[in-house]
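Heads up, the sequence shown is in the working numbering, so the first residue is 845 and it goes up one at a time.
We treat Cβ as the ideally placed atom computed from N, Cα and C, and that holds for glycine.
Quantities reported herein were computed from a predicted structural model and do not represent experimental measurements.
For reference, the structure is listed below as structure tokens.
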Amino acid sequence: MNAIRMIQVASGKGGIGKTWFAVSIAHALAAARRRVLLFDGDLGLANIDVQLGLSPRHDLGDVISGRVTLAEAIVTYRPESMGGAEAGGSFDILAGKSGSGVLSALTRPEVAGLATGLVALSDAYDHIVSDLAAGLDQSVMSLCVNGGITIVLVSDEPTSLTDAYAFIKLLTMQEPGADIRIVVNMANDKDHARRTHAALTNACRNFLGIDPPFLGFVPRDELVRDAIRHQMPILFRHPQARASEAVQKIAREILILSAGNPRPAGASTQSA
């Protein structure tokens, strides 16, 4: 299996745009004509369907209850501006169930079973993007599938950096050699993003002996809020926005990694 087929999007801290980024990167990969499944792995506070204005017939709650299989719970999102599936903008979604006590109370083996189910679906897709819950819950760690990449989204806030470090520490304890990449969100510019990345990786290097590479950054952009308010991916509503261009650059970096031609650690096509 392609090592970059499974893509986990994580953050130690909530409120820094993780779900928005997962939706956006899934859409960008789909727009590059890749077959993409977006999995809502926030088992307690799922909201991918809300961000996209969807009301799926089935969700993970139905899967756990045994009413449907994972494959039967999949719905397809088709952005009209991309011209449907022919233009490469459509992608599949496995919706969660917000506020579900059943999902948030799943045991570690049950969550591991979900992860195994995702791997079983992977032959039908080029990429499976999982939006993981914020924080350090064991269910989050169980969904970090060995063999994929984990994108840790951070901001320059001290709490974001501290929590991201804690997440990386726990993940590397559970999965030594995990492929972790850093994306800085809401950066003022490229230099600001690089400084934020350096602050995190210095701690990782000094205390964990690892140096997670810089995958890219997303600049502050008020058009992100507008897209979220209108329940649309930013590439759909504002394709020329700075944030849209940044997400597309990160998607291209992922495609380079998928092709087996990784850039040197820390290298990126990102520009200010």
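Inset, instruction - Assess, as a yes-or-no matter, whether the stretch 997-1004 is touched by the stretch 966-975 under the definition of 3 or more beta carbon pairs within less than 8 Å. - result: Counting C-beta pairs with one atom in each stretch, the stretch 966-975 and the stretch 997-1004 have fewer than three that are closer than 8 Å, which means they do not touch.
Inset, instruction - May I ask you to list the residues that DSSP assigns as paired with Tyr921? - result: For the purposes of this step, residue 921 is taken as residue 77 along the sequence shown, with counting starting at 1. As a beta-bridge residue in DSSP terms, Tyr921 pairs with Phe935.
Inset, instruction - Return the CA-CA distance between Lys1034 and Leu1059, expressed in angstroms with no decimal places. - result: On the sequence shown, residue 1034 is found 190 positions in, with the first residue counted as 1. On the sequence shown, residue 1059 is found 215 positions in, with the first residue counted as 1. Using only the alpha carbons, I get a separation of about 12 Å.
Inset, instruction - Along the alpha helix (DSSP H) that carries Asn1032, what are the first and last residues, could you check? - result: Along the sequence shown, read from residue 1 onward, the residue named residue 1032 stands at position 188. According to the DSSP assignment, Asn1032 belongs to no alpha helix (DSSP H), since it is labelled neither H nor E.
Legend entry - Limits of the alpha helix (DSSP H) - the one that Ile972 falls within: Working through the sequence shown from its first residue, we reach residue 972 at position 128. It is not in any alpha helix (DSSP H) - Ile972 instead sits in the beta strand (DSSP E) that spans 971-976.
Legend entry - Residues of its chain near Ser868, where Cβ-Cβ distance is below 7 Å and the 5 sequence neighbours each way are ignored: Numbered from its first residue, the sequence shown carries residue 868 at position 24. The beta carbon of Ser868 sits closer than 7 Å to the beta carbons of Pro1077, Ile1078, Leu1079, Val1091 from its chain, once the five residues preceding and following it are set aside; these are given in chain order.
Inset, instruction - On a CA-only basis, which of Ala875, Leu1014, Ile892 is nearest Ala866? Give me that one, please. - result: Residue numbering aside, residue 866 sits at position 22 when the sequence shown is read from its first letter. With distances taken between Cα atoms, Ala866 lies closest to Ile892.
Legend entry - Ile993 and Asp1023 closer than 8 Å at C-beta: Taking the first residue of the sequence shown as 1, we reach residue 993 at position 149. Taking the first residue of the sequence shown as 1, we reach residue 1023 at position 179. Going by C-beta atoms, Ile993 is nearer than 8 Å to Asp1023.
Legend entry - Proximity winner among Val1028, Cys1048, Glu916, relative to Arg901 (alpha-carbon distances): Here the question's residue 901 lines up with position 57 in the sequence shown. Comparing Cα positions, the closest option is Glu916.
Legend entry - Cβ-Cβ separation, Tyr921 to Ile937 (assumed contact under 8 Å), whole Å: As a first step, residue 937 must be located in the sequence shown, where it is residue number 93. As a first step, residue 921 must be located in the sequence shown, where it is residue number 77. The beta-carbon distance between Ile937 and Tyr921, rounded to whole angstroms, is 6 Å. This is short enough to meet the 8 Å contact definition.
Inset, instruction - Determine the extent of the alpha helix (DSSP H) in which Ile1098 is found, giving its start and end residues. - result: By one-based count along the sequence shown, residue 1098 stands at place 254. Secondary structure note for Ile1098: its alpha helix (DSSP H) is the uninterrupted segment 1086-1102.
Legend entry - Where the beta strand (DSSP E) through Met1076 begins and ends: Within the sequence shown, numbered from 1, the residue matching residue 1076 stands at position 232. Membership of Met1076 in any beta strand (DSSP E) is not indicated, and neither H nor E is assigned to it by DSSP.
Legend entry - Nearest neighbour of Gln1075, chosen from Thr863, Gln852, Val853 [CA to CA]: Against the sequence shown, residue 1075 aligns to sequence position 231. Nearest to Gln1075 by alpha-carbon distance, out of Thr863, Gln852, Val853, is Thr863.
Inset, instruction - Could you check if Leu898 is buried or exposed, using at least 16 other CB atoms within 10 Å of its CB as the buried criterion? - result: On the sequence shown, residue 898 is found 54 positions in, with the first residue counted as 1. So Leu898 ends up on the exposed side.
Legend entry - Integer-rounded CB distance, given that Leu1005 should sit under 8 Å from Asp886: For the purposes of this step, residue 886 is taken as the residue at position 42 of the sequence shown. For the purposes of this step, residue 1005 is taken as the residue at position 161 of the sequence shown. Not really, about 21 Å apart at Cβ, beyond 8 Å.
Inset, instruction - For Pro1063, name the three-state secondary structure that DSSP assigns. - result: As a position in the sequence shown, residue 1063 is number 219, starting the count at 1. Three-state result, Pro1063: strand.
Inset, instruction - Run through the stretch 893-921 for me and flag every whole beta strand (DSSP E) of 3 or more residues, listed as ranges in chain order. - result: You should have 919-921.
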